[in-house]
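Chains as they are written, first to last, in our numbering: chain A, 8 to 239; chain B, -1 to 393. Notes follow once the structure below has been shown.
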């Protein structure tokens, strides 16, 4: 059996500015698996995603992501892993308004301070074609619809051929029809490229589309949330 | 282009208003000291070089600054003239080469210098086209004048009338361009050169008209009074305004040649002793030529430039304050920019941008704007230094 993409054991995190505490007894995500993290607001879904991405760090428990121990990794190592091997998709798309759609897709390369050559442009165009918005490649975000913006964000997450995509409520800004379309698309492209997907969502109608659903209530140390989680 | 510089450039181009504001503020801050430095160094060199090539200058007593600036840089000055006799006496002293200078007239606003052939030799002026003035009414043009007027040898150009509405003053004279001087990058490039006699004709001391006795017979209504050997004609007589070969015989002088005016005399003493003797003799001269003075142009310009440089130092200090204020503005803009771009920076962090990327990005963007401002300021300063009027005309 291949080694898991994410392996967490007895992981806990206490927010320095509050009494919130996240406890993850055990979590494993396998290659090419799609996992939905669900639960009410404030139960720690985004915090867990940030720990996996390395934006937050804790020193309690074990957390291994793509073979890197995120507990002992330095800040530059965690940033490098995030940039090179993890794709990120956000609820508010977070596109840079002064770059066109294609350059937004190429942003991870720009952040890695690499030159943009024809090969990179071709790859960005391929991704835009794959999500059906190649015709807006040269438009800036202000000229795109919400759905188009999220597709651009998905392309940006996939540019570096990541083994893991972390999506924090990627359909939160879209209506249910567009949300379902975007999620189907995200699942399809992740599946096609062999990337695992960890998806945070409130939308219960989207859950059946994922391989597995984890109720994040189980991760909260808050007694109100501290009920056993359900794993399907 | 690498990712960082590409992002910096794109954001700078996107935030046009902010970029232009910072660019203009930096450019103005840089142009002021750069331009004053360029102008000063250029004029300092030019002025000192020319002064050093003019060992001694004699003229009427008065402002030595005016005397030097007029004789060396053709700046209009209102000081007394000296008599031609004074020049002749200096020549007779045989203590060096003495060159008469007559200034005060202009041709299409360019100063006209009446002098002798020795002037061209001493200043290293050679005709690039045509030849040096040989006859009264001939002029040679400095290279800048020729270029500005698009003139060439053979052209005829009128002098500027000294007083347009004063009928007692001579009218404009037709001057024949016989040569164009090669450029020397000195004040000579912006002047018109002719013989001293031509300048006296422009003054009205020399003038040409038909024989008065013959006119008295053909135009008796023009005769105001007649006495043995003297016929006075009315103002209806129009004097010649052309120095033609035929008409030149008509040009004559009423009065003593020795009393004709000169602006100053340029002296190249044979040696230090001659220089001391001449200087002492001229400065103590209170006799029949009136009060005169002999000055060393280098010493006079040192005094003058000393004052100018004190003003420049003051301007430099003001420029320093301006720079400090501008840097404050740039820092404020950078801080506000970082605040406005907080969301963008968070996105970069979330995507895994290396630590320090954001600061480098903003720094590089400001660096690009600063580099553009330096280029722009350098270009503007060189352009201003080229188009601004000659400093000596402003002094």
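Think of the CB as a built atom: it goes at the ideal place given N, C-alpha and C, for glycine as much as any other residue.
Item                                                                                                                      : Value
Status (buried if at least 16 other CB within 10 Å, exposed otherwise) for residue 168(A)                                 : exposed
Where residue 91(A) sits in the DSSP three-state scheme                                                                   : helix
Residue interval of the alpha helix (DSSP H) (run including residue 116(B))                                               : 115 to 121
Sub-8 Å separation of residue 142(B) and residue 70(B) beta-carbons                                                       : no
Residue of 30(A), 97(A), 53(A) minimising C-alpha distance to residue 67(A)                                               : 30(A)
Cβ-Cβ distance between residue 78(B) and residue 60(B) below 8 Å                                                          : yes
Chain A contact for residue 14(B) (CB, 8 Å cutoff)                                                                        : no
Own chain, CB closer than 8 Å to residue 238(A), minus 5 neighbours either side, in chain order                           : Low confidence applies to residue 238(A): its pLDDT is 36, below 50, so where it sits in the model is not reliable enough to give any reading.
Classification of residue 95(A) by the beta-carbon crowding that lies within 10 angstroms, buried from 16 upward          : buried
Beta-carbon separation (whole angstroms), residue 241(B) vs residue 133(B), contact threshold 8 Å                         : 7 Å
Backbone secondary structure at residue 108(B) - three-state DSSP                                                         : strand
Below-8 Å beta-carbon distance, residue 1(B) vs any chain A residue                                                       : yes
CB contact below 8 Å: residue 271(A) versus chain B                                                                       : In this structure chain A extends from 8 to 239, so residue 271(A) is not present and cannot be described.
Where residue 53(A) falls, given that 16 or more other Cβ within 10 Å makes a residue buried                              : buried
Per-residue burial, residue 318(B) [other beta carbons within 10 Å of its own, 16 or more giving buried]                  : exposed
Cβ contact (3+ pairs, closer than 8 Å) linking the segment 293 to 302 of chain B and the segment 97 to 114 of chain B     : no
Buried or exposed (CB count within 10 angstroms, at least 16 for buried), residue 17(A)                                   : exposed
7 Å Cβ cut-off: residues of chain A touching residue 342(B)                                                               : 103
Alpha helix (DSSP H) runs contained entirely in the segment 261 to 335 of chain B, provided each spans 4 or more residues : 270 to 281
Inter-residue Cα distance where the pair is residue 152(B) and residue 28(B)                                              : 47 Å
Neighbourhood of residue 273(B) by C-beta, 7 Å cutoff - its chain only, sequence neighbours within 5 removed              : 53, 54, 267
Selection from 201(A), 198(A), 197(A), 182(A) that minimises the alpha carbon distance to residue 212(A)                  : 182(A)
Sub-8 Å separation of residue 248(A) and residue 41(A) beta-carbons                                                       : Residue 248(A) is absent from the model: chain A starts at 8 and stops at 239.
Where residue 365(B) falls, given that 16 or more other Cβ within 10 Å makes a residue buried                             : exposed
Residues that residue 70(A) contacts on chain B, provided the C-beta gap is smaller than 8 Å                              : Within 8 Å Cβ-Cβ: nothing; residue 70(A) doesn't reach chain B, min ~17 Å.
Three-pair Cβ contact test at 8 Å for the segment 103 to 123 of chain A versus the segment 154 to 168 of chain A          : yes
Proximity winner among 0(B), 4(B), 18(B), 1(B), relative to residue 367(B) (alpha-carbon distances)                       : 18(B)
Unbroken beta strand (DSSP E) run spanning residue 175(A), endpoints                                                      : 171 to 175
Three-state secondary structure assigned by DSSP to residue 236(A)                                                        : In this prediction, residue 236(A) has a pLDDT of 39, which is less than 50 and means its spatial position is unreliable; what the coordinates show is noted afterwards. If DSSP states are grouped into helix, strand and coil, residue 236(A) belongs with coil.
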